[in-house]
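Just so we're aligned, residue 1 is where the sequence shown starts under full-length UniProt numbering, counting upward by one.
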Amino acid sequence: MGLNKKKLMFQIILFLTGVVCFLFLFEQLKSQNRLNNRETENMQKRNRIEIQKEHSNEEEKLMKQDEKQEQKIKEKRTSLAFVGDILFSDGVLDCYDKDGIDGILESSVAEQLSSADITIINNEFPFSNRGKKAADKQFTFRVDPNRVSILNKIGVDVASIANNHTLDFGVDALLDTCETLKNAGIEYLGAGKNFEEAKEIKYRTINQRTIAFIAASRVIPVVDWNAGVDKPGLLTTYDPANVLDLIREAKNKADAVILYVHWGLERKNIPEDYQRNLGRQYIDAGADLVVGSHSHCLQGIEFYKDKPIVYSLGNFIFGTTIEKTVVLKVVIEEDGHMELSVLPCKANHFKTVLIKEKEELDNFYKFYEEISYQVSFVGETEERRVVSTH
């Protein structure tokens with residue numbers, strides 16, 4: 001009996017020991033599983049992080065590639081900005097002396113000019129303190145040569161001086177104008193010390209693209225304003241033969257040929273028949289773009305053989321008020337195609353600003369389409385629209 005009790009006790013102890021060992025091993029196994037699971041989770045987390053990093057790096061790489069591609073496209077484009085008549089009248093200069101460029105030109109407009117590869121204007125006055133006022137002329141203009149710094153500050157690169165005010169104060173004032181612009185680093189077109197200089201084609205190479213600039217006037221008060229062999233004056237286009245020859249010459253040397261021409265009637269929104277006829281002759285000779293001035297108001301746009309003729313940009317910086325004007329932006333693509341867009345502007349109290357109010361913008365574009373020829377202005381932004389043919 002005593003022996004059986006001992007045997008039973010031994011069996012109980014052995015069983016309990018087995019249970020304890022089993023529980024111990026079970027807990028160890030659970031602990032190991034938890035550890036393995038934690039390691040698995042950590043590994044999965046690390047993998048997710050690595051994958052996210054790879055995706056992020058790939059996205060960053062793609063963004064950089066896109067930026068490089070965009071930069072390459074930009075490098076193959078050439079951007080031009082054209083504006084119309086500029087006159088530094090007494091009121092304009094008073095505003096400039098008080099507030100600098102901001103007194104005569106809104107910063108957002110000035111940025112459009114300074115950011116272009118080339119900015120072109122019609123300079124509607126001579127830079128000089130010399131000369132005698134032209135007889136029997138209602139309006140005569142002359143500005144101190146020191147004021148040329150204003151053109152530098154707004155980013156002007158090329159100035160047409162082929163207009164009906166360049167000789168307001170005679171030959172000396174014209175020669176001073178040429179010298180002033182040259183010293184300021186601004187190319188001048190359409191007038192000079194003799195016929196050879198007046199008809200000189202100016203070439204500018206931007207982004208491996210050569211652009212030729214020519215300017216001429218179809219408006220002079222007297223025939224004596226014509227340049228001669230040894231006589232200062234203007235290149236005129238009453239007879240277009242000389243200008244047509246220049247266009248053909250430039251076409252053989254340049255990727256694009258641009259003509260800035262002074263023509264038409266003042267305060268008339270519709271071009272004369274002769275303007276449309278001349279514009280087409282210029283295009284037929286090889287001009288890629290014709291831009292006009294003189295009317296002191298906007299005239300329309302026409303495409304002839306897919307080439308734009310912009311009849312007049314109107315006044316840009318001039319008098320107290322300008323009802324409608326534009327900055328004409330031209331982008332020449334790698335294949336030579338020109339995209340035109342316009343930024344509507346106006347002037348109040350001698351300061352030129354963007355038109356921003358929607359109703360005024362809508363009315364502006366409606367008017368511009370009405371005076372143009374099968375042209376519409378399609379939205380890039382509300383303030384800036386691309387010129388498109390119907």
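Glycine residues also receive a C-beta, built at the ideal position from the N, C-alpha and C atoms.
With distances taken Cα to Cα, identify the nearest neighbour of residue i among the options.
i: Leu113; options: Ser79, Pro126, Arg142; result: Ser79
i: Ile371; options: Arg385, Leu340, Cys297; result: Cys297
i: Ile104; options: Cys345, Gln374, Arg385; result: Cys345
i: Lys268; options: Tyr311, Val290, Leu278; result: Tyr311
i: Tyr203; options: Ile258, Leu340, Leu167; result: Ile258
i: Gly185; options: Leu167, Asp172, Val158, Lys133; result: Val158
i: Glu111; options: Thr180, Val387, Lys329; result: Lys329
i: residue 396; options: Ile332, Asp273, Ile120; result: Nothing in the structure corresponds to residue 396, since the chain is present only between 1 and 390.
i: Leu244; options: Ser217, Leu16, Ala256, Ile283; result: Ile283
i: Lys358; options: Gly379, Leu340, Tyr373, Met338; result: Gly379
i: Gly228; options: Glu41, Lys193, Gly100, Val327; result: Lys193
i: Asp239; options: Ser217, Asp255, Ala256, Arg248; result: Ser217
i: Phe195; options: Leu181, Asp172, Asn242, Asp168; result: Asn242
i: Pro145; options: Asn122, Lys182, Ile121, Glu58; result: Lys182
i: Gly336; options: Ile355, Lys307, Lys324; result: Lys307
i: residue 391; options: Gln138, Val327, Ser295, Asp255; result: What the structure shows of the chain is the stretch from 1 to 390, and residue 391 is not part of that stretch, so it cannot be assessed.
Rounding to the nearest angstrom, what Cα-Cα distance links residue i and residue j in this structure?
i: Ile211; j: Thr237; result: 21 Å
i: Glu200; j: Gly170; result: 21 Å
i: Lys231; j: Thr381; result: 49 Å
i: His55; j: Arg38; result: 25 Å
i: Ile206; j: Val156; result: 15 Å
i: Met43; j: Asp117; result: 55 Å
i: Glu266; j: Gly279; result: 18 Å
i: Gly190; j: Val261; result: 9 Å
i: Ala215; j: Leu235; result: 8 Å
i: Asn226; j: Thr166; result: 11 Å
i: Trp263; j: Phe316; result: 17 Å
i: Thr17; j: Gln11; result: 10 Å
i: Asp273; j: Gln281; result: 13 Å
i: Glu302; j: Tyr373; result: 5 Å
i: Phe213; j: Gly100; result: 30 Å
i: Met9; j: Arg48; result: 57 Å
i: Lys76; j: Leu340; result: 17 Å
i: Glu41; j: Ile13; result: 41 Å
i: Lys366; j: Val327; result: 17 Å
i: Lys305; j: Glu249; result: 20 Å
i: Ile121; j: Leu361; result: 24 Å
On the DSSP letters alone, give me the boundaries of the alpha helix (DSSP H) that residue i sits inside.
i: Ala212; result: From DSSP, Ala212 is part of no alpha helix (DSSP H) but of the beta strand (DSSP E) over 209-217.
i: Phe195; result: 195-198
i: Tyr368; result: 358-371
i: Gly170; result: 170-183
i: Lys324; result: First-last for Lys324: 322-332, but that is the beta strand (DSSP E), not the alpha helix (DSSP H).
i: Gly378; result: Gly is not the amino acid found at residue 378; the sequence shown has Val there. Premise fails: Val378 lies in the beta strand (DSSP E), 375-379, not in any alpha helix (DSSP H).
i: Ile247; result: 241-251
i: Val109; result: 107-114
In the DSSP output, which residue or residues are listed as bridge partners for residue i?
i: Arg276; result: Bridge partners of Arg276: none, in fact.
i: His262; result: Ser217, Ser293
i: Asn226; result: Leu234
i: Thr119; result: Ala81
i: Arg204; result: Ile211
i: Ser160; result: Asn122, Leu189
i: Tyr311; result: According to DSSP, which records beta bridges pairwise, Tyr311 is partnered with nothing at all.
i: residue 392; result: Residue 392 lies beyond the residue range present for the chain, which begins at 1 and ends at 390; the question has no answer from this structure.
i: Phe127; result: Val143
i: Ile317; result: Ile86
i: Ala256; result: Ile211
Please state whether the Cβ-Cβ distance between residue i and residue j is less than 9 Å.
i: Asn152; j: Glu124; result: no
i: Arg130; j: Asp90; result: no
i: Ala347; j: Ile309; result: no
i: Arg385; j: Val342; result: yes
i: Asp136; j: Phe350; result: no
i: Glu383; j: Phe377; result: no
i: Gly300; j: Pro271; result: yes
i: Leu174; j: Pro221; result: no
i: Val353; j: Glu106; result: yes
i: Phe82; j: Thr119; result: yes
i: Ile154; j: Cys178; result: no
i: Val148; j: Phe318; result: no
i: Ser293; j: Gly84; result: yes
i: Phe253; j: Ala285; result: This sequence places Lys at residue 253; Phe is not what is there. Their beta carbons are not under 9 Å apart, which means Lys253 does not touch Ala285 by this criterion.
i: Ser128; j: Val109; result: no
i: Lys133; j: Asp97; result: no
Go to residue i, then tell me how far its beta strand (DSSP E) extends in each direction, as first and last residue.
i: Ala347; result: 338-348
i: Ser149; result: Premise fails: Ser149 lies in the alpha helix (DSSP H), 148-153, not in any beta strand (DSSP E).
i: Leu354; result: 351-354
i: Asp91; result: The sequence given here places Gly at residue 91; Asp does not occur at that position. Gly91 -> not in any beta strand (DSSP E); alpha helix (DSSP H) instead, spanning 90-99.
i: Ser388; result: 385-389
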